[in-house]
Amino acid sequence: MPGEHNSDSRPFSPQSMPSRKITIILVTATLVTGALACIQLANDDLGMFFGTPPHPPGTALYENFESKDVHTVVLVSGQGKRAEFIKREGVWHMVYPATDRANQTFIKATLDFSRNLLVEDVLRRHEITTDDTGTGGDRYRVTLKDSAQRELVDYQLGRHTAWHRPQGKNGRLAETFFVHPCGESARRHVYICSAAGKVTSSIRIRSLLDRDLERLRDHRPLLIDETAVAGITIRSQEREIVLNRPEADTKSWTMTKPIESRANPKMVNGLIKGLAQLNAVRIHDRNSTTIPPRPPGEFPQQLELRSLASDGTTISPASILTIEPPSSPEADTVLATTEQRPGLIFEIPRKPVRGSYSLAQLPLSVDQLRARTLTDLKIASLRSMTIHKSSNTRPLRIFLGRESRGQPRWMLETPNGQSPANETLIARVLKALTNDEALNFASNAASNLTRYGLSPPSKRLVMNLKDNEPVDLVFGRTGDGRCYAMHQGSSTVAEIDPRTYTSIAVEPYQWRDSLLMAFSIVDLSTMKIEQFPLTVPLTDPALTLKYKFLTEDWEARQFEEDVSPALNKHRANQFINFMETLRVEQWLHEETPAAARALLSPSYRFTAVFRELDDEGDLKGFRETSFDLAPASRSSRNRIIYGKISGNPNYFVLSMDSYRQLKARLLDNAGS
439 MPGEHNSDSR PFSPQSMPSR KITIILVTAT LVTGALACIQ LANDDLGMFF
489 GTPPHPPGTA LYENFESKDV HTVVLVSGQG KRAEFIKREG VWHMVYPATD
539 RANQTFIKAT LDFSRNLLVE DVLRRHEITT DDTGTGGDRY RVTLKDSAQR
589 ELVDYQLGRH TAWHRPQGKN GRLAETFFVH PCGESARRHV YICSAAGKVT
639 SSIRIRSLLD RDLERLRDHR PLLIDETAVA GITIRSQERE IVLNRPEADT
689 KSWTMTKPIE SRANPKMVNG LIKGLAQLNA VRIHDRNSTT IPPRPPGEFP
739 QQLELRSLAS DGTTISPASI LTIEPPSSPE ADTVLATTEQ RPGLIFEIPR
789 KPVRGSYSLA QLPLSVDQLR ARTLTDLKIA SLRSMTIHKS SNTRPLRIFL
839 GRESRGQPRW MLETPNGQSP ANETLIARVL KALTNDEALN FASNAASNLT
889 RYGLSPPSKR LVMNLKDNEP VDLVFGRTGD GRCYAMHQGS STVAEIDPRT
939 YTSIAVEPYQ WRDSLLMAFS IVDLSTMKIE QFPLTVPLTD PALTLKYKFL
989 TEDWEARQFE EDVSPALNKH RANQFINFME TLRVEQWLHE ETPAAARALL
1039 SPSYRFTAVF RELDDEGDLK GFRETSFDLA PASRSSRNRI IYGKISGNPN
1089 YFVLSMDSYR QLKARLLDNA GS
């Protein structure tokens, strides 16, 4: 129709172009997004689209790193202050807010703690407030990075929760705490975590972040490898002490100044450990603190430690700690400096501090550091001992020989040949020499040995060692009962305990084998056991036992009657086995009045009769052996049992335990 306009027949207009461009852009974006989604799906990670899925309970919150991978640590305190640390050559250093060595223990604990965060439960971010978790703002934050500055860990450590998790076989309750990851895609969740059994607690980590970051600086003046220290020098106003050892892994320390002596390895190692763990109360910058002038006549104390380098052959630069004199005798702390950190002044504790080392606890004197035992010989290297007594013209010689069956055994050399030596006494002597410590050192440069009873000495002991020089010791006792010892050729005299002195036995009878008698079960014929005092009836109460080895038959008589049916054969067999190994505690002089008086009224007598055979195996006679026993007193508290065996003029002491076993009842009735 004329005048009408049909919109459908309207020609194409340039205004329609933008809609086509928008369509192309949307299609392209869709394709790109789809492609990226496919890539993420192939990698099982759609976090960039839907957010990182939460870690399920029972898994580690961070498992993509090891502590050795961490190069940078960034911490934010509870006040929002930041500290940064980096690792150089295996040592952590603070680079902000100050440049200094870091507290190695805390940094390593933080890495260990972060690596072992174990998820216990998961909360969505909107389900709990930052006031509840204690993670408001950018506080209590821990960030760990690798050498390429890629983030390995980034989280805020919240306060601990009221829920505890049973842990370990003993069911110990482990604390749990809130952890809020800071990554953009991970911020949707808050985790309740435990520390996977680690000792370092969240409370300790958080409390350190609560305090001034100054505590994150290393408050130890010295950083040393305790196992590598090979030399120590202690310089003071009075003297210089020098300690050395040939190799870092050996326990053998020697003192070369001010005297030449063995050093006490326990004390030296304690000194090294104390210096390694000595912590300053406060650290001052030299720019802001001045060391006061030293009082007249006062000098600093200097501790120098020399360590072997990693190759084990060269000495690394010495670590030197210089300690200033105290400001007053009552001062609790002193100032110290070290060449390792020349820009700092350390205020270290002088008096004992609970849970920490102080100067008062460090062994720094000669008498503390020198060896206090008479020798440190390796017992396995001992081959023989020769013992001289001033009144004996013939010395005693004990040597490592062989018994009749060819087994190694300590033997005593006698005028008539050799016999088994008392191995119990050998052990007692060696224990006294290697374990007993000197009471004190009477002199380091003795010239008049008479005053110590050492000119001439009352005893001398020479020990010959395999592949080593002999150990030559002399002993003396003065009129007031004090005992002294020294190495032959040395000028150092040590006062020793009288018990150490008496343990060095010098009489031949003392070195007799501790085996009481040659008791042979094979040759045993008869045993007679008598216990005193006698009681009614007046007939003989002794228990007489006859034994046949081949048939293991027993016959028992008491009160002139056959009591064999009442004999407990198991206890009887135990008794003769015990008799084969019965040993004395020590042999006594033949003129021992206390033993002689006690044995006038013995409480126990044992007699054994043994068959003796000729070379053809035929019976040629019998051998009888007996011994008497008596307590030193009739008191119930008595623990000394004296004895005497036939054919030996010397008395002996028997242990209370052996005495009780000898008196054990062998009959199952009221008899002996």
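Counting from 1, position 272 in the sequence shown corresponds to residue 710 in the working numbering; the numbering is continuous, with no gaps.
Ideal placement from N, C-alpha and C gives every residue a C-beta, glycine not left out.
The structure displayed is predicted, hence computed values, not measured ones.
Assigned exposure category for residue i - 16 Cβ within 10 Å defines buried
i       : result
Ile463  : exposed
Asn873  : exposed
Gln594  : buried
Leu1038 : exposed
Ile545  : buried
Ile401  : Nothing about residue 401 can be read from this structure; the chain reaches only from 439 to 1110.
Phe1048 : buried
Gly1081 : buried
Ser1168 : Since the first residue of the chain shown is 439 and the last is 1110, residue 1168 is not available in this structure.
Ala540  : buried
Val960  : exposed
Val529  : exposed
Residues that DSSP places opposite residue i in a beta bridge
i       : result
Thr581  : Val512, Asp592
Ile672  : Ile679, Leu741
Ile1079 : Pro1069, Leu1092
Leu953  : Arg1021
Glu991  : The sequence shown places Asp at residue 991, not Glu. Answer by DSSP bridge pairing, in chain order: Lys986.
Ile761  : Gln739, Ala774
Thr964  : Lys984, Val1047
Glu1062 : Val1047
Ser632  : Leu556
His493  : DSSP, once it has assigned bridges, lists no residue as partnering His493.
Pro730  : DSSP, once it has assigned bridges, lists no residue as partnering Pro730.
Phe551  : Answer by DSSP bridge pairing: none, since Phe551 is not bridged.
Tyr947  : Per DSSP, none; premise fails for Tyr947.
Gly839  : Arg847
8 Å contact criterion, which residue i and residue j should meet: CB distance rounded
i       : j       : result
Thr692  : Ala701  : 6 Å
Gly891  : Arg866  : Between Arg866 and Gly891 the Cβ distance is about 22 Å, and since that is not below 8 Å, they are no contact.
Pro971  : Phe997  : Their Cβ separation, rounded to whole angstroms, is 17 Å, which puts Pro971 and Phe997 out of contact at 8 Å.
His627  : Ala718  : About 42 Å separates the two Cβ atoms, so there is no contact after all.
Ile786  : Leu716  : 6 Å
Ile524  : Thr510  : 5 Å
Ser1041 : Gln969  : 7 Å
Pro619  : Leu611  : About 26 Å separates the two Cβ atoms, so there is no contact after all.
Tyr1022 : Leu1100 : The sequence shown places Val at residue 1022, rather than the Tyr named in the question. Going by Cβ atoms, the distance from Val1022 to Leu1100 rounds to 12 Å, so no, they are not a contact pair.
Thr875  : Arg920  : Contrary to the premise, residue 875 reads as Glu rather than Thr in this sequence. About 16 Å; that fails the 8 Å criterion.
Thr571  : Arg597  : 7 Å
Nearest-angstrom Cα separation, counted from residue j out to residue i
i       : j       : result
Arg840  : Leu850  : 11 Å
Asp1056 : Thr831  : 45 Å
Met532  : Asp905  : 53 Å
Pro684  : Leu746  : 10 Å
Cys631  : Thr614  : 5 Å
Leu1067 : Ile1083 : 9 Å
Asp650  : Ile761  : 26 Å
Val617  : Val580  : 10 Å
Pro452  : Ile460  : Summary for Pro452: the model assigns pLDDT 48, below 50, so the residue's position carries little reliability; its value from the coordinates is reported in the next sentence. Rounded to whole angstroms, Pro452 to Ile460 spans 15 Å at the Cα level.
Asn902  : Pro833  : 15 Å
Lys711  : Arg563  : 48 Å
Gly708  : Ala774  : 20 Å
Thr1063 : Ser842  : 23 Å
Met1017 : His1008 : 14 Å
Met434  : Leu800  : Outside the shown range of the chain (439 to 1110) lies residue 434, about which nothing can therefore be said.
Leu962  : Ala1033 : 29 Å
Arg677  : Gly574  : 59 Å
Pro936  : Met1094 : 24 Å
Pro858  : Trp949  : 9 Å
Arg995  : Leu983  : 7 Å
Ile672  : Asp918  : 37 Å
Leu838  : Asp951  : 14 Å
Gly1059 : Leu911  : 49 Å
Asn1015 : Thr813  : 39 Å
Phe1090 : Ser796  : 52 Å
Ile967  : Arg1043 : 6 Å
Thr548  : Leu713  : 24 Å
Near the ligand MN: residue i beta-carbon under 7 Å from a heavy atom
i      : result
Phe957 : Among the components of this structure there are no ligands whatsoever, and the ligand MN is therefore not found.
**Report entry** Sequence ranges, alpha helix (DSSP H) only - wholly within the segment 764 to 825, length at least 4
**Finding:** 804 to 807
Requested in this report: Report the residue ranges of all alpha helix (DSSP H) runs contained in full by the segment 997 to 1056; include only those spanning at least 4 residues, in chain order.
Outcome: 1007 to 1018, 1031 to 1036
Report task. Any chance you could list the beta strand (DSSP E) runs of at least 3 consecutive residues sitting entirely within the segment 847 to 919, in chain order? Result -> 855 to 858, 878 to 881, 897 to 903, 909 to 915
Query raised in the report: Whole beta strand (DSSP E) runs in the segment 677 to 723 with 3 or more residues, listed along the chain?
Result: 678 to 682, 692 to 695, 720 to 723
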